[in-house]
Amino acid sequence: MGRKRLPADKRRLSIIKAAERCLARRGYYSCTTSDIAAEAGITEPVLYQHFRDKADLVESMRNAAVEDISKYVTRRVLRKSTPLEGLREAAEAIFDYTVRHRSKMRAYYYSIPELGSGGLRKSPVQRLHRLHEAVSYMLEEAQRQGTVKKDLEVANFAWSFISLVEIIYIANALGLEVPFRDKGEYMDLIERLLATVKVTG
Amino acid sequence: MADRKRRSRGKRRQQIIEAAVKAFAAKNYDGASMNDIAQAAGITKRAIYRYFPSKRELFYAVRNEVYGTIVDNLWKELPEANDFNELADALMRNHFRFGMDNPEMLRIVVNTISEAATREFQENIEGLLAERAEEIEKLMRAGIEEGTLDPALDTNFVSWILVLIFFFLVYMLAYEEDWLIPRGEDAASVLLRPFLASLAPRE
């Protein structure tokens, strides 16, 4: 009884999924390419037909995760009509996505450790820079529309907003359940933060 | 005599850990060899194995040391203030300054986060952070009494969020050279201030 032969793109995806499960369960260093191959139900040489090495596989896994979450968040933000509503929605979407994809997001954060190797360390930093650009853009747009205070230091406030959003990933990675206990409480903090920059009256 | 022996054994162990912090921070877990660490500590590889049965055990010791140091440091030299905002600001500054002075430690934290996949480490981190969250919660309750914080806040929830924001800062600082974050002495306050302001009583 042979393994089912999958088309290359489907096989790649199934290896990426296997890597997510393996990393989420065992951490980055304890999860080897041979563990991932076993998890995917293939041999290691087959894995190497699709990915150069562990770094290449992990990078592909990360890119897939970032692309997926970005698409999801963007879709939800675009449904909102004002930039401030959009920012609130982005935070809620990230929360919802994390709750729904606990092990994928865990694997993403577990793969960040490769700080030392140039290639791998770039992508998490780039992701945060892009997030910062997007948040800053929405705040500036709100300033133009007169809903956010003109004297707000957008770049700094964007980082404050991002820290309140990013902790959801960190809590998930560390296995801390507190923020997931009460979404209403968390969203209240997001709303409070946004309310401090809002033009009132 | 036995006492002195124990003391010097403790000192040697500490020496190894310090060398290992530098090696793991520079080359990551996979890249740093026991040879590198032995060389940096100025002892033989065999001597290291007398203290740590494996590289993994050494890594765990390094990890615990680093997390403990960071968490302890957060609470050092707090001002005698009662104002919650001022105290939280001081905590953040402490944390920030420590991070700038000890980049290797931050890298270790980022390097070890994936170990949270194991239940043992998860519980370990949770315990460390829970203590800090409790301290912050106490400060928050005082702030509510003074009227600087909104009494409607769930203090337990918010104190954990603050602890996590401190944790996020570790990431920001570990990647420092690639960051756009505000730099300099009051950078910590710049990041935290909007969040603290949002906890004031609602008009």
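Chains as they are written, first to last, in our numbering: chain A, 1 to 201; chain B, 1 to 203. Glycine included, each C-beta is placed from N, C-alpha and C at the ideal position.
Under 7 Å from the C-beta of residue i: neighbouring residues of chain A
{"i": "residue 238(B)", "result": "Examination of residue 238(B) is not possible in this model, given that chain B is present from 1 through 203 alone."}
{"i": "residue 151(B)", "result": "Correct list: empty, because the minimum Cβ distance to chain A is about 14 Å."}
{"i": "residue 194(B)", "result": "157, 160, 193, 196"}
Chain A residues whose Cβ lies nearer than 9 Å to that of residue i
{"i": "residue 154(B)", "result": "182, 185, 188"}
{"i": "residue 52(B)", "result": "Going along chain A, no residue has its Cβ under 9 Å from residue 52(B), so there is no contact; the nearest lies around 16 Å."}
{"i": "residue 122(B)", "result": "174, 175, 176"}
{"i": "residue 191(B)", "result": "156, 159, 160, 163"}
Alpha carbon of residue i to alpha carbon of residue j, nearest angstrom
{"i": "residue 63(A)", "j": "residue 188(B)", "result": "30 Å"}
{"i": "residue 168(A)", "j": "residue 190(B)", "result": "21 Å"}
{"i": "residue 192(B)", "j": "residue 109(B)", "result": "21 Å"}
{"i": "residue 92(B)", "j": "residue 43(B)", "result": "38 Å"}
{"i": "residue 120(B)", "j": "residue 10(B)", "result": "24 Å"}
{"i": "residue 72(A)", "j": "residue 144(A)", "result": "26 Å"}
{"i": "residue 143(B)", "j": "residue 149(B)", "result": "5 Å"}
{"i": "residue 280(B)", "j": "residue 72(B)", "result": "An answer regarding residue 280(B) cannot be provided, because it is not within the stretch 1 to 203 covered by chain B."}
{"i": "residue 116(A)", "j": "residue 15(B)", "result": "Here residue 116(A) scores only 47 on pLDDT, less than 50, and its place in the model should not be relied on; the value that follows carries that caveat. Straight-line Cα distance between these residues: approximately 23 Å."}
{"i": "residue 106(B)", "j": "residue 7(A)", "result": "43 Å"}
{"i": "residue 159(B)", "j": "residue 162(A)", "result": "18 Å"}
{"i": "residue 141(A)", "j": "residue 37(A)", "result": "47 Å"}
{"i": "residue 46(B)", "j": "residue 29(A)", "result": "24 Å"}
{"i": "residue 27(A)", "j": "residue 151(A)", "result": "44 Å"}
{"i": "residue 130(B)", "j": "residue 137(B)", "result": "10 Å"}
{"i": "residue 149(A)", "j": "residue 174(B)", "result": "32 Å"}
{"i": "residue 26(B)", "j": "residue 34(B)", "result": "14 Å"}
{"i": "residue 42(A)", "j": "residue 21(A)", "result": "15 Å"}
{"i": "residue 40(A)", "j": "residue 110(A)", "result": "19 Å"}
{"i": "residue 200(A)", "j": "residue 147(A)", "result": "8 Å"}
{"i": "residue 62(B)", "j": "residue 165(A)", "result": "29 Å"}
{"i": "residue 78(B)", "j": "residue 155(B)", "result": "20 Å"}
{"i": "residue 80(B)", "j": "residue 80(A)", "result": "46 Å"}
{"i": "residue 76(A)", "j": "residue 124(B)", "result": "37 Å"}
{"i": "residue 189(A)", "j": "residue 161(B)", "result": "9 Å"}
{"i": "residue 2(A)", "j": "residue 24(A)", "result": "A caution first: residue 2(A) carries a pLDDT of 48, below 50, which makes its placement in the model unreliable, though a value can still be read off. Their backbone Cα atoms lie some 29 Å apart in a straight line."}
{"i": "residue 183(A)", "j": "residue 51(B)", "result": "46 Å"}
{"i": "residue 203(B)", "j": "residue 196(A)", "result": "12 Å"}
{"i": "residue 93(A)", "j": "residue 78(A)", "result": "12 Å"}
{"i": "residue 136(A)", "j": "residue 132(B)", "result": "32 Å"}
Within chain B, partners of residue i - CB distance below 8 Å
{"i": "residue 90(A)", "result": "By Cβ distance, chain B contributes nothing, its closest Cβ being about 17 Å from residue 90(A), past 8 Å."}
{"i": "residue 108(A)", "result": "Residues of chain B passing the Cβ test: none, with the nearest at roughly 11 Å."}
{"i": "residue 146(A)", "result": "Within chain B, no residue comes near residue 146(A); the closest Cβ sits about 20 Å away, beyond 8 Å."}
{"i": "residue 273(A)", "result": "This structure does not reach residue 273(A), given that chain A is present from 1 up to 201, and the question cannot be answered."}
{"i": "residue 24(A)", "result": "117"}
Partners in chain B for residue i, counting only beta-carbon separations shorter than 7 Å
{"i": "residue 173(A)", "result": "113, 116"}
{"i": "residue 12(A)", "result": "Within 7 Å Cβ-Cβ: nothing; residue 12(A) doesn't reach chain B, min ~23 Å."}
{"i": "residue 15(A)", "result": "The contacting residues do not exist; residue 15(A) stays about 19 Å from chain B at best."}
First through last residue of the alpha helix (DSSP H) which encompasses residue i
{"i": "residue 169(B)", "result": "155-174"}
{"i": "residue 153(A)", "result": "Residue 153(A) -> no alpha helix (DSSP H), and no H or E assigned at all."}
{"i": "residue 128(B)", "result": "119-146"}
{"i": "residue 70(B)", "result": "55-74"}
{"i": "residue 99(B)", "result": "84-101"}
{"i": "residue 188(A)", "result": "183-195"}
{"i": "residue 13(A)", "result": "8-26"}
{"i": "residue 95(A)", "result": "83-100"}
{"i": "residue 36(B)", "result": "34-41"}
{"i": "residue 149(B)", "result": "Looking at the DSSP string, residue 149(B) is not in any alpha helix (DSSP H), and its letter there is neither H nor E."}
{"i": "residue 194(B)", "result": "187-197"}
{"i": "residue 53(A)", "result": "Taken as a continuous stretch (DSSP letters only), residue 53(A) belongs to no alpha helix (DSSP H), as it is neither H nor E."}
{"i": "residue 40(A)", "result": "33-40"}
{"i": "residue 5(A)", "result": "First-last for residue 5(A): undefined, no H or E at that position."}
{"i": "residue 200(B)", "result": "Counting along the chain, residue 200(B) falls outside any alpha helix (DSSP H), and DSSP gives it neither H nor E."}
{"i": "residue 80(A)", "result": "Here residue 80(A) belongs to no alpha helix (DSSP H), and DSSP marks it neither H nor E."}
{"i": "residue 48(B)", "result": "45-51"}
Per-residue contacts from residue i into chain A (C-beta, under 8 Å)
{"i": "residue 126(B)", "result": "174, 175, 176"}
{"i": "residue 165(B)", "result": "163, 164, 167"}
{"i": "residue 198(B)", "result": "189, 192, 193, 195, 196"}
Partners in chain B for residue i, counting only beta-carbon separations shorter than 9 Å
{"i": "residue 37(A)", "result": "In chain order: nothing, as chain B lies at least about 18 Å away."}
{"i": "residue 19(A)", "result": "Correct list: empty, because the minimum Cβ distance to chain B is about 13 Å."}
{"i": "residue 179(A)", "result": "157, 160, 161, 164"}
heavy atom of the ligand SAM below 7 Å from residue i C-beta
{"i": "residue 35(B)", "result": "With respect to the ligand SAM, the structure shown offers nothing to examine, as it has no ligands at all."}
With 8 Å as the C-beta to C-beta threshold (strictly closer), list the residues of the stretch 43-66 of chain A near chain B in chain order. none
Between the stretch 156-173 of chain A and chain C, which residues of the former have CB atoms less than 7 Å from a CB of the latter, in chain order? Included in the structure are the protein chains A and B, with no chain C among them.
Are the stretch 40-57 of chain A and the stretch 92-109 of chain A in contact at 8 Å, needing three or more beta carbon pairs? no
Proximal residues, the stretch 17-31 of chain B versus chain A, C-beta separation under 8 Å: 26, 27, 28, 29, 30, 31
Pull out every residue of the stretch 69-94 of chain A whose Cβ sits closer than 8 Å to any Cβ of chain B, in chain order. none
Does the stretch 162-179 of chain A come close enough to the stretch 113-130 of chain B to have 3 or more Cβ pairs within less than 8 Å? yes
Which residues of the stretch 85-112 of chain B have a Cβ closer than 7 Å to any Cβ of chain A? Give them in chain order. Listed by position, the residues of the stretch 85-112 of chain B near chain A (Cβ gap below 7 Å) are 107, 110, 111.
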